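So the sequence lines, in the order shown, correspond to chains A and B.
All residue numbers for the first sequence refer to the numbering used here, where the first residue is 7 and numbers rise by one.
All residue numbers for the second sequence refer to the numbering used here, where the first residue is 18 and numbers rise by one.
Using N, Cα and C, we set each Cβ at its ideal position, and we do this for glycine too.
These figures come from a predicted structure and were not determined experimentally.
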Amino acid sequence: MREKQIDKLKDYKYGFTTDIENIRAPKGLSKEVIEFISKAKKEPKWMLDWRMKAFERLKNLKEPNWQKPKYPKIDYQDIYYYSAPKSTSTKPKNIDELDPKLLETYKKLGIPLQEQQRLNGIAVDAVFDSVSVATTFKDKLNEVGVIFCSISEAIQKHPELVKKYIGSVIPLTDHYFATLNSAVFTDGSFVYIPPGVRCPMELSTYFRINASQTGQFERTLIIADKGSYVSYLEGCTAPMRDENQLHAANVELVALDDAEIKYSTVQNWYPGDENGKGGIYNFVTKRGLCKGTNSKISWTQVETGSAITWKYPSCVLQGDNSIGEFYSIAITNNYQKADTGTKMIHLGKNTKSKIISKGISAGFSDMTYRGLVDISSKAKNSRNYTQCDSLLMGNKCGAHTVPYIKNKNPESNIAHEATTSKISEEQLYYCQQRGLNPEEAVGLIVNGFCKEVLQQLPMEFAVEAQKLVGISLEGSVG
Amino acid sequence: MEEQLKIDFEKLLENSNFSKKNAEIKRKNFDNFIEKGFPNRREENWKFSDLNQIISKNIKNLSFYNDLSKPNKIDQSIYIDGLEHNKLVFVNGRIEKIEFDYEEKNKIEILDDLVLEKSNNTTNSLLFLNNAFVSKYFKLIVKKNYSLQKPLVIYNITNKDLVSKNINLKVDIFLEENSSLKLIEFSNDKSTTNFININYNFNVQKNSILKNYKIDNNSNSNIKYCFNNISQDANSVSEIFLLSSGSEFIKNEINCNLNGKYSSAFVNGVFILNETKHHEIKTNINHIVENTKSYQLIKGVLEDTSKAVYQGKIFVDSKAQKTDGYQLSKAILLNDNTEFNAKPELEIYADDVKCSHGSASGSLNEDSIFYLMSRGLNYKEAKKLLINGFLLDVVEKITDSEIKNLIKNIMSLKQ
């Protein structure tokens, strides 16, 4: 048994569990649970009221069902909405006071939280189940006025900022999962970059689901004030379990005049085993608002994990001359399913957007690119370029492209291209002739196929992602 | 509206002598339609064109019963000039003329009293409506090894007498092995605000060729829906050309199943819209077996406050290796209030395929206009030349030269 487990761990090296005592909210979704969460986080009343408003609204909403990957009905009363390591009930002041078990966990994940161990300047906010356990490099960031902390802390310390921006991009009344998140969100990161500041280091959040039967409902809010710049990374893993766990996050980005936000994700939630059992349902709402003129938001995502990925990081291009970008690699293997893409909503004049999406499906998996490009009648002289390519390995998997293109403006231009292909025999032959084994050859070709997107990632992440692409496709050749 | 539907349905059953079986099936379809109603934007297929809304906005007091006992006069002036052809003429939904003067006897068969299929596993409510209210269901059979000498023109004429009515037509066309047919559907409407619902079923057997040209060019205030279901056997070819221009609203839906090896389907279409017109082309090409090919090219020129929608889907089954699928849609928007929506969709389950799609929309290229004006054309001429060139690209895809010239004349395109 033990051997088998170790064997399994080879496929998904983050699949271990940390044995740690938890504090949980009562099971199920109810008014009391929301009050419990709010109390545990010592939230002011306005926040609780806001959550309650979302909860009320949720009662009248139905789950959307237009997506391609269907899943068995989720019993929302059978989920723990809050789970936190006991040792964090009073948040430690510095990292040395943190439960050694947690430190060990993050070390195993390759994210040492002790600052002296970091090789390079990346500030990390580590979220474990429902709470943020540590945030590094806080002092250094404080010097330039950057606020980087957990959202719970921000609600207490910077209520005016949170109040102003939370729900301004993803309103309470959005779709089912976004509203659910608004009601029960637990933790996530908060970033505020003051005017004119270029954030001195990469900021990142590392999400980890550990407890079983628990949903993770993170909420991230990033505000880039006038003329500022920030690059933010997000990584996620979970232990291997036979059950399906729900991850329904909301991420809101706001870019004011001349500001730029670069948001990168390497998503590696547990994808389920080779028979499609278990894995995370990754139903995430990510939306960025280019509020000011000349603002820019760029999404980069590498999606390799999750049993079902269902997300559309979007840009609302409200400010004139604003730019939205979306770069994506999505890989599905075995019985994984993905329905992902983006929305580019052009409202301002001279707005530009670019979409590069690469989908790779292998095994019995199913992959859908779904995207919307909407150019309103006021968005004069705006432009969009979309390219989505799919690569299929074997005839048991599927690759689908469903773009929606709406143009109401004659001065705007939209171009869309899509191709579907497989790795050609000639390419494989060529690589093998030069001494690569078939798996290496496929890895090389796939990395070439993804290059346009991988280039967008920050250096350290790019190396990691490249490896991940290789691992995800292991066993799919032949 | 539900009450009107019920009254009219009973009236239809009373005044026509349907066989017991047909009446039964009709009632079932009718119940299905009552349950579903006209499609609205909540259905994915009707996302960009909410038919329910369009009908209630444009048609007041829509009624469904159509008295077909009296013959209508055919206005001969609308016949296509300069092209020898066979005729099938429908006036206000009633068949008025069947004329195959150019063809051998016994090679073409027309049946008009068919039993409706009991269960077509569809969820399309407009097909339910069609089956419930269609008074005669025609079937045209082209016999084995026979190619029609001249094209067949199906005229769909409506005259001034027809106001706020729903008309349903259902025609099956069966091409036996090794046969060929050139079919022109030509509509001419002088009526106002009707809802016309047409259903064609094409069965193209082995080695047969179907060429289908749909021409909707006369400006009118009718709302139309045309569903074409094509199923193709091995080595068969279907070619469809759509000129979508005249009606207030028309949705042409094409569902093509490539069931036989080496079969191929070509769908080409042109939108030329002005005023408040709203047209849609929706295609569904299903590659079921290996070595099949499809090609789609749709172009549109939009003026005033018109709106065009193209939803094209290529489906490739996991057995359909070596599929070649291509899809391109382009539109030129000439005014601030025009709108072009596209949803080019690929659903692919086989790995050894070549599938691609493209879509682009925007304004006329100012550089090209400048170039032409610098060579002495005025702005209007330059614009016209560019638009004609843009559309000619699609018309040139028509493989029958006689019909190509006819369509060029209709569109007043000159080379």
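Backbone secondary structure at residue i - three-state DSSP
i	result
A:A489	Lying before the first or after the last residue shown, residue 489 of chain A is absent from chain A, which here runs from 7 to 484.
B:T209	strand
A:S89	strand
A:K45	helix
A:G449	helix
A:V175	coil
A:T192	coil
B:F55	coil
B:D25	helix
A:E432	helix
A:W72	coil
B:N46	helix
A:N66	coil
A:P296	Correcting the residue identity first, residue 296 of chain A is Cys in this sequence and not Pro. Here A:C296 sits in strand by DSSP.
A:F61	helix
A:P84	Looking at the sequence itself, residue 84 of chain A is Asp, so the reference to Pro does not match. Correct three-state label for A:D84: helix.
B:W63	helix
Inter-residue spacing [alpha-carbon to alpha-carbon] between residue i and residue j
i	j	result
B:K294	B:A359	17 angstroms
A:G284	A:D84	16 angstroms
A:C321	A:R204	21 angstroms
A:S383	B:N354	7 angstroms
A:T315	B:R58	26 angstroms
A:V379	A:I176	18 angstroms
B:D415	A:M373	The amino acid at residue 415 of chain B is misidentified as Asp; the sequence shows Ile. Cα-Cα distance, rounded: 36 angstroms.
B:I424	B:S255	18 angstroms
B:N173	A:G221	60 angstroms
A:E446	A:Y20	23 angstroms
A:Y198	A:F213	20 angstroms
B:E364	A:F289	22 angstroms
A:S304	A:G330	6 angstroms
B:F219	B:K156	10 angstroms
B:K199	B:D321	35 angstroms
B:Y154	A:N340	49 angstroms
B:I190	B:V159	8 angstroms
B:N39	B:L350	48 angstroms
B:D369	B:Q338	5 angstroms
A:Q307	A:L227	18 angstroms
A:Q122	A:S156	Any reading at A:Q122 needs caution, since the residue's pLDDT is 47, under 50, leaving its predicted position unreliable; the model's value is listed next. Using only the alpha carbons, I get a separation of about 21 angstroms.
Sequence-distant residues of its chain with Cβ nearer than 7 angstroms to residue i (five each side left out)
i	result
B:S376	S346, A359, P361
B:S66	K268, H295, E297, V326
A:K414	I381, S382, S383
A:S43	The sequence shown places Ile at residue 43 of chain A, not Ser. If we look at A:I43 and ignore the five residues flanking it on each side, its Cβ neighbours are A31, Y87, Y88, V190, T192.
B:F35	K43
A:N387	K355, N356, E417, S418
A:I411	V379, I420, H422
Contacts around residue i, its chain only, beta-carbon distance under 6 angstroms, and the 5 residues preceding and following it disregarded
i	result
B:K231	E202, L259
B:S311	A282, I302, G342
A:K47	S158
A:V168	A160, I161
A:I229	Y171, Y198, V260
B:L128	K156
Cβ shell of residue i (< 8 angstroms), same chain only, five flanking positions each side left out
i	result
A:L252	I80, I85, G221, Q222, I286, Y287, F289
Chain B contacts made by the segment 416-432 of chain A, where a contact means CB separation under 8 angstroms: Listed in sequence order: P416, E417, S418, N419, I420, A421, H422, E423, A424, T425, T426, S427, K428.
Cβ-based contacts, 7 angstroms cut-off: residues of the segment 159-175 of chain B near chain A: Taking 7 angstroms as the Cβ-Cβ cut-off against chain A, none of the residues of the segment 159-175 of chain B qualify.
The segment 391-409 of chain A: positions lying closer than 8 angstroms to chain B by Cβ: Against chain B - using a Cβ distance shorter than 8 angstroms - the residues of the segment 391-409 of chain A are S396, L398, M399, G400, N401, K402, C403, G404, A405, H406, T407, V408, P409.
Contact set between the segment 71-85 of chain A and chain B, restricted to residues whose Cβ is under 8 angstroms from the partner: Listed by position along the chain: W72.
Positions along the segment 28-56 of chain A whose CB lies within less than 9 angstroms of some CB in chain B: Against chain B - using a Cβ distance shorter than 9 angstroms - the segment 28-56 of chain A contributes no residues.
Whole beta strand (DSSP E) elements within the segment 264-322 of chain B, 3-residue minimum: Taking only runs of at least 3 residues, the beta strand (DSSP E) segments lying wholly in the segment 264-322 of chain B are 266-275, 281-290, 295-304, 310-319.
4 or more residues per run - each alpha helix (DSSP H) lying fully within the segment 345-417 of chain B: The segment 345-417 of chain B contains these whole alpha helix (DSSP H) runs: 383-391, 396-412.
Interface positions of the segment 364-395 of chain A facing chain B (Cβ-Cβ less than 7 angstroms), listed along the chain: For the segment 364-395 of chain A, which is checked against every Cβ of chain B, the residues closer than 7 angstroms are S383.
Interface positions of the segment 327-347 of chain A facing chain D (Cβ-Cβ less than 9 angstroms), listed along the chain: Of the chains in the structure shown, none is chain D; the protein chains are A and B.
Cβ-based contacts, 9 angstroms cut-off: residues of the segment 348-359 of chain B near chain A: Under the 9 angstroms Cβ criterion, the segment 348-359 of chain B contributes A348, I349, L350, L351, N352, D353, N354, T355, E356, F357, N358, A359.
Ranges of the beta strand (DSSP E) found wholly within the segment 219-260 of chain B, counting only runs of at least 3: Runs found: 226-233, 240-249.
Under 7 angstroms (Cβ pairs) to chain A, residues found in the segment 376-388 of chain B: Of all residues in the segment 376-388 of chain B, only S376, A377, S378, G379, S380 place a beta-carbon less than 7 angstroms from a beta-carbon of chain A.
Beta strand (DSSP E) runs wholly inside the segment 91-133 of chain B, at least 3 long, in chain order: Along the segment 91-133 of chain B, the beta strand (DSSP E) occurs as fully enclosed runs of 3 or more residues at 103-108, 111-116, 125-128, listed in sequence order.
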